[in-house]
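**Student:** Dropping a structure here in structure tokens format, bear with me for questions.
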Amino acid sequence: MANTRSEDAGALRTRASLNETRGNLDLGQHLRSLLALKPTSRLLDLGCGTGHLLRAYCRDLGVGGCCWALDLSRDSLNELERTLVPQFPMIRPLELSMDRLVDPACQPELCELTHLVSAYALYYSENPDALLDALHSRLAPGGLLLVAGPCKGNNREWFQLLESAGLEIPERIRRITEEFMDRRLPVAGRKLFSTVEEHRLSNPVAIGDADSLQAYWRSNIYHDPDRDAQVCRCIREHFRSNSGFTITKRISVIRMIKSQGEPDG
Numbered sequence: 467m468a469n470t471r472s473e474d475a476g477a478l479r480t481r482a483s484l485n486e487t488r489g490n491l492d493l494g495q496h497l498r499s500l501l502a503l504k505p506t507s508r509l510l511d512l513g514c515g516t517g518h519l520l521r522a523y524c525r526d527l528g529v530g531g532c533c534w535a536l537d538l539s540r541d542s543l544n545e546l547e548r549t550l551v552p553q554f555p556m557i558r559p560l561e562l563s564m565d566r567l568v569d570p571a572c573q574p575e576l577c578e579l580t581h582l583v584s585a586y587a588l589y590y591s592e593n594p595d596a597l598l599d600a601l602h603s604r605l606a607p608g609g610l611l612l613v614a615g616p617c618k619g620n621n622r623e624w625f626q627l628l629e630s631a632g633l634e635i636p637e638r639i640r641r642i643t644e645e646f647m648d649r650r651l652p653v654a655g656r657k658l659f660s661t662v663e664e665h666r667l668s669n670p671v672a673i674g675d676a677d678s679l680q681a682y683w684r685s686n687i688y689h690d691p692d693r694d695a696q697v698c699r700c701i702r703e704h705f706r707s708n709s710g711f712t713i714t715k716r717i718s719v720i721r722m723i724k725s726q727g728e729p730d731g
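The opening residue of the sequence shown carries number 467 in the working numbering; numbering runs sequentially from there.
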């Protein structure tokens, strides 16, 4: 069942907090090391959400640098403006669909970018191949594109629990997990970029109580109110005989670099 959890700031906050406080991977710091921003870098964060990850790497920008924080959700950008912009005034929130960037006339200032990052967002594009080509064009020669997202095996234990409650995982979610980061994006990237690196990460998220797991379920984009009672019943049954539940987040980070001798546009 479709819902608006991908655009809801509270739902994003719940998922991010759980991954950070119950897991052992600091994804923001990992992306920061791969981005290697300079004080004068020109960064576009595509699908920035509330800025949870952006907080980790925007601190490397100086007064001569700039970061455009793009998201479709006004709710998420409002939180970003309240919590992040006062500390990092070089951040410029931008409420826009990422697919609009396929048009070269849209936001012409978003060109000659030195860095572009998209975490858990690019696969929501209506035409990821066309968008990737547009992003390549907007990068300066030698520019870097960093994309993070789920890969095969992600949430396997969690999906098994949901299926035991009678919930069918949407085909699009399975396609994202099993195809986009593992196959589609690397293949498309190698047609455009001179360097394509694939990094694999794992983050076991240990949840110690039924209430936290139920909150996680209700924050997800595939939450179905019609299945809520069955899923919560399965969660409570699990905790009657187990002291915890571990969701293993499997993450692919793809780092792509545009040729130094290649013009933009």
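For each residue, glycine too, the CB sits at the ideal point set by N, CA and C.
Assign K657 to one of two classes, buried (16 or more other C-beta atoms within 10 Å of its C-beta) or exposed (fewer than that).
**Tutor:** So K657 counts as exposed.
**Student:** Measure the C-alpha to C-alpha separation of D491 and R481 and round it to an integer number of angstroms.
**Tutor:** The sequence given here has Leu at residue 491, not Asp. Spanning the two alpha carbons is a distance of roughly 14 Å.
**Student:** Between which residues of its own chain and L500 is the CB-CB distance below 8 Å, once the five residues before and five after are set aside?
**Tutor:** Hits under 8 Å: L612, H665, V719, R721.
**Student:** Can you pull the DSSP bridge partners for D537?
**Tutor:** E561.
**Student:** Run through DSSP, which three-state label would N544 get?
**Tutor:** Correct three-state label for N544: helix.
**Student:** Could you check how far apart the C-beta atoms of F705 and A676 are, in whole angstroms? I think they sit under 8 Å.
**Tutor:** About 4 Å separates the two Cβ atoms, so the contact holds.
**Student:** In terms of residue numbering, what span does the beta strand (DSSP E) encompassing L503 cover?
**Tutor:** Neither: L503 is in no beta strand (DSSP E) and is coded neither H nor E.
**Student:** If you run the structure through DSSP and keep just helix, strand and coil, what is R479?
**Tutor:** Of the three classes helix, strand and coil, the one that applies to R479 here is helix, per DSSP.
**Student:** Terminal residues of the continuous beta strand (DSSP E) containing W716?
**Tutor:** The amino acid at residue 716 is misidentified as Trp; the sequence shows Arg. First-last of the beta strand (DSSP E) with R716: 711-723.
**Student:** Going straight from the alpha carbon of T580 to that of A631, what length do you get?
**Tutor:** Going from the Cα of T580 to the Cα of A631 covers about 47 Å.
**Student:** Which value, in whole angstroms, describes the spacing of the CA atoms of L510 and C533?
**Tutor:** Roughly 6 Å between the two C-alpha positions.
**Student:** Measuring straight from C-alpha to C-alpha, what distance separates N485 and K724?
**Tutor:** So the alpha carbons of these two residues sit roughly 32 Å apart.
**Student:** Output the distance between the C-alpha atoms of Y523 and Q495, rounded to the nearest integer angstrom.
**Tutor:** Their Cα atoms are separated by approximately 7 Å.
**Student:** With a threshold of 16 other CB atoms inside 10 Å of the CB of C572, please say whether the residue is buried or exposed.
**Tutor:** Exposed, since its Cβ has fewer than 16 Cβ neighbours within 10 Å.
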